[in-house]
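Worksheet for the structure shown next.
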Amino acid sequence: MYIFKKPRWQLSQTEVTDEALFHKRRDFLKLGAAALVSSSVVMDTLWAAKNDPLAPLAFSPTPYGKGLELSTFEQASTYNNFYEFSTAKEKPARMAHTLRPSPWEVGFHGECENTTPLEVSALLTTLPLEERIYRFRCVEGWSMVVPWIGFPLSALLAIAKPTSKAKYVLFQTKYDPTMFPDQRKGMRQGVIPYPYVEGLRMDEAMHPLAFVAVGMYGKVLPNQNGAPLRLIVPWKYGFKSIKSIDHVAFTTTEPKNTWQALNPREYGFYANVNPHVDHPRWSQAKERKLGSFLKTETLMFNGYGEEVASLYKEMDLKRFF
Amino acid sequence: MRKIAVFVGSLLPLAYLLYGVQEANDPIKHIYTLTGLSAMGFLFLSLALTPLRRVLNLLRYRRMLGLFALFYASLHFGNFFLLDAQLDLRFVLKETLDKPFITLGMGAFVILIFMGTTSTKRLFAKHHAKHKLVYIALILILIHETMAQKVLGEREVFFIFLTVILLGYRGIGLVKRVKKDKRT
Numbered sequence: 467m468y469i470f471k472k473p474r475w476q477l478s479q480t481e482v483t484d485e486a487l488f489h490k491r492r493d494f495l496k497l498g499a500a501a502l503v504s505s506s507v508v509m510d511t512l513w514a515a516k517n518d519p520l521a522p523l524a525f526s527p528t529p530y531g532k533g534l535e536l537s538t539f540e541q542a543s544t545y546n547n548f549y550e551f552s553t554a555k556e557k558p559a560r561m562a563h564t565l566r567p568s569p570w571e572v573g574f575h576g577e578c579e580n581t582t583p584l585e586v587s588a589l590l591t592t593l594p595l596e597e598r599i600y601r602f603r604c605v606e607g608w609s610m611v612v613p614w615i616g617f618p619l620s621a622l623l624a625i626a627k628p629t630s631k632a633k634y635v636l637f638q639t640k641y642d643p644t645m646f647p648d649q650r651k652g653m654r655q656g657v658i659p660y661p662y663v664e665g666l667r668m669d670e671a672m673h674p675l676a677f678v679a680v681g682m683y684g685k686v687l688p689n690q691n692g693a694p695l696r697l698i699v700p701w702k703y704g705f706k707s708i709k710s711i712d713h714v715a716f717t718t719t720e721p722k723n724t725w726q727a728l729n730p731r732e733y734g735f736y737a738n739v740n741p742h743v744d745h746p747r748w749s750q751a752k753e754r755k756l757g758s759f760l761k762t763e764t765l766m767f768n769g770y771g772e773e774v775a776s777l778y779k780e781m782d783l784k785r786f787f
Numbered sequence: 057m058r059k060i061a062v063f064v065g066s067l068l069p070l071a072y073l074l075y076g077v078q079e080a081n082d083p084i085k086h087i088y089t090l091t092g093l094s095a096m097g098f099l100f101l102s103l104a105l106t107p108l109r110r111v112l113n114l115l116r117y118r119r120m121l122g123l124f125a126l127f128y129a130s131l132h133f134g135n136f137f138l139l140d141a142q143l144d145l146r147f148v149l150k151e152t153l154d155k156p157f158i159t160l161g162m163g164a165f166v167i168l169i170f171m172g173t174t175s176t177k178r179l180f181a182k183h184h185a186k187h188k189l190v191y192i193a194l195i196l197i198l199i200h201e202t203m204a205q206k207v208l209g210e211r212e213v214f215f216i217f218l219t220v221i222l223l224g225y226r227g228i229g230l231v232k233r234v235k236k237d238k239r240t
């Protein structure tokens with residue numbers, strides 16, 4: 467009989483540190499490090515630690531974005547434009563604990579047959595979740611690659627059964643000053659008018675690439691990324707991908723999206739990623755991938771031209787920017 | 057001794073920049089923000105010493121603070137040229153001519169370079185009248201910084217307030233001198 471003598475360095479399974487305990491120790495170390503920085507950071511970290519860790523989601527993988535190099539979860543969850551909290555990109559991550567993603571109903575208005583509001587948790591059991599890795603390009607010139615989890619936008623819109631009169635879809639972020647501090651300042655002092663509004667043409671909304679995300683990196687969306695559900699339109703600048711959606715409305719006329727209303731010279735309705743049409747203040751030819759000191763070329767329609775270019779045939783993209 | 061302390065203190069923003077840039081999500085943007093705000097801060101500080109001299113005479117530090125404004129502005133420009141434009145001179149020129157936002161910043165930078173190079177004792181004696189150009193640079197920088205934001209924030213309102221005070225002080229002085237000249 468061969469007697470296997472375990473070498474001294476080989477620890478038995480019983481000696482393995484429990485994963486939960488391992489994370490606790492790391493959290494503790496982070497807290498210690500944070501204490502050196504500032505007490506307000508400690509409060510924020512404590513808040514985050516007290517909250518439930520983000521729940522993992524069950525989803526099926528898809529070939530979308532295979533081969534793209536992912537940004538880290540840290541980058542995608544600490545660099546956010548969410549003006550309802552702050553214009554500083556690092557702040558929403560520390561402030562978004564006031565957002566209550568559950569319970570959360572999504573409403574359907576306008577030109578559709580079914581206007582029954584839907585509870586998001588119910589939605590998650592009806593629609594199968596899938597993971598899609600998409601490029602995300604902000605109009606400001608930075609970009610990231612994120613594995614989103616969710617379902618095609620068309621599947622959500624189908625529930626409402628839009629009528630033939632529906633030509634556009636309007637999306638609105640929740641308006642609730644108890645959740646979003648900047649909404650408390652009122653219409654005039656808030657940095658932008660609330661609620662935030664975005665819109666798509668019907669054929670854009672029904673395009674298979676248009677996506678609704680409820681999670682990322684295998685878990686539910688962090689609040690600062692637009693929990694409980696947000697739009698992801700990968701061939702358009704990030705501001706089109708509206709966060710924390712309150713309701714959807716089917717309209718006959720083109721909705722006026724928030725940034726277009728604020729500054730029509732600089733931001734349009736279409737906002738397709740286009741390296742050949744500059745922003746009046748900066749070039750859009752290249753982008754800064756998060757964490758990188760070097761810039762990379764921006765791709766037409768953010769690299770989704772093969773799929774979406776036909777939507778804009780015969781359109782002057784310099785005029786309809 | 058005190059001069060050395062001011063010098064070392066003026067390098068703190070650079071130390072802070074070098075410390076944080078490795079961890080920054082968007083390093084190029086991070087460098088822009090910190091070098092731009094530092095240049096602006098030193099410019100405001102150096103200009104504030106003139107009206108402040110009635111209470112506290114720190115005029116001997118004015119040149120050094122002004123040169124630090126130029127130093128941080130150079131880093132700001134270096135970021136544009138080295139990292140943002142990746143040494144593409146054509147891109148730099150095109151952006152400078154095409155985009156008012158960049159034109160303003162470049163204009164201010166040219167003024168600061170002129171002031172820096174003519175700040176030696178000998179050249180200053182010859183060119184000191186032209187150093188009033190700094191107020192043009194200040195206005196250009198103010199518009200440039202405001203344009204860098206997507207929406208007007210509290211910080212921009214504060215900078216505008218400071219500029220109005222500094223220009224107002226200089227304006228009142230000018231009016232008084234003109235009146236005095238008329239009387240004599």
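Protein chains in written order, with our numbering: chain A, 467 to 787; chain B, 57 to 240. Glycine included, every Cβ here is placed at the ideal spot set by N, Cα and C.
Item: Name the residues in the stretch 743-761 of chain A whose C-beta lies less than 8 Å from a C-beta of chain B; which are they?; Value: D744, P746, R747, W748, S749, R754, L756, G757, S758, F759, L760 and K761
Item: Of the choices B:I228, B:L73, B:I60 and B:N81, whose alpha-carbon is the least far from that of A:L760?; Value: B:N81
Item: Classify A:L502 as buried or exposed, calling it buried when 16 or more other Cβ atoms lie within 10 Å of its own Cβ.; Value: Reliability fails at A:L502, whose pLDDT of 48 lies under 50, so the model's placement of it is uncertain and the value that follows must be treated cautiously. By the 10 Å Cβ count, A:L502 comes out exposed.
Item: With a cut-off of 7 Å, does the C-beta of B:L73 fall near any C-beta of chain A?; Value: no
Item: For A:Y662, is the classification buried or exposed, using 16 other Cβ atoms within 10 angstroms of its Cβ as the cut-off for buried?; Value: buried
Item: Let me check understanding here. Comparing Cα to Cα, which of A:A542, A:G769 and A:A775 lies closest to A:A559?; Value: A:A542
Item: Note down, one range per segment and in chain order, each beta strand (DSSP E) of at least 3 residues found wholly within the stretch 538-569 of chain A.; Value: none
Item: By the three-class DSSP mapping on this structure, what secondary structure does A:A515 have?; Value: Summary for A:A515: the model assigns pLDDT 49, below 50, so the residue's position carries little reliability; its value from the coordinates is reported in the next sentence. Helix at A:A515.
Item: Determine, for B:I84, whether the minimum Cβ-Cβ distance to residues of chain A falls below 7 Å.; Value: yes
Item: Span of the alpha helix (DSSP H) holding A:W748?; Value: Run containing A:W748: none; DSSP gives neither H nor E here.
Item: In terms of alpha-carbon separation, which member of A:T592, A:E732, A:E753 and A:L765 lies closest to A:P746?; Value: A:E732
Item: Would you call the CB atoms of A:F716 and A:P628 closer than 7 Å?; Value: yes
Item: According to a CB-to-CB cut-off of less than 9 Å, which residues of the stretch 182-204 of chain B neighbour chain E?; Value: Chain labels in this structure do not include chain E; the protein chains are A and B.
Item: Give the range of the beta strand (DSSP E) segment to which A:L575 is assigned.; Value: Per the sequence shown, residue 575 of chain A should be read as His rather than Leu. Segment E571 to G576, the beta strand (DSSP E) holding A:H575.
Item: Would you be able to state if there are at least three C-beta pairs under 8 Å between the stretch 602-621 of chain A and the stretch 680-687 of chain A?; Value: yes
Item: Spell out a yes or no on whether the stretch 89-101 of chain B and the stretch 185-198 of chain B are touching, meaning 3 or more CB-CB pairs, one atom from each, closer than 8 Å.; Value: yes
Item: I'd like to know whether the C-beta of B:N135 is nearer than 7 Å to at least one C-beta of chain A.; Value: no
Item: Would you kindly report the start and end of the unbroken alpha helix (DSSP H) that includes B:E201?; Value: V190 to M203
Item: Roughly how many whole angstroms lie between the Cα atoms of A:G769 and A:L777?; Value: 15 Å
Item: Just to confirm my understanding: we take A:T553, look at its own chain, exclude 5 residues before and 5 after, and list those with CB closer than 7 Å. What are they?; Value: V657
Item: Would the stretch 622-639 of chain A count as touching the stretch 660-674 of chain A if we require 3 or more Cβ pairs under 8 Å?; Value: yes
Item: For A:P527, which of A:P594, A:Y660, A:H742 and A:A588 has the nearest alpha-carbon?; Value: A:P594
Item: Starting from A:Q726, trace the alpha helix (DSSP H) both ways and give me its first and last residue.; Value: T724 to L728
Item: Could you please tell me which residues of the stretch 87-119 of chain B, in chain order, have their CB closer than 8 Å to any CB of chain A?; Value: none
Item: On the CB-based measure, 16 or more other CB atoms within 10 Å of its CB, does B:Y128 come out buried or exposed?; Value: buried
Item: Are the CB atoms of A:V678 and A:L619 nearer to each other than 7 Å?; Value: yes
Item: Since A:E585 and A:F525 are thought to touch, with beta carbons under 8 Å apart, how far apart are those beta carbons, to the nearest angstrom?; Value: Not quite, the Cβ-Cβ distance comes to about 20 Å (not below 8 Å), so this is no contact.
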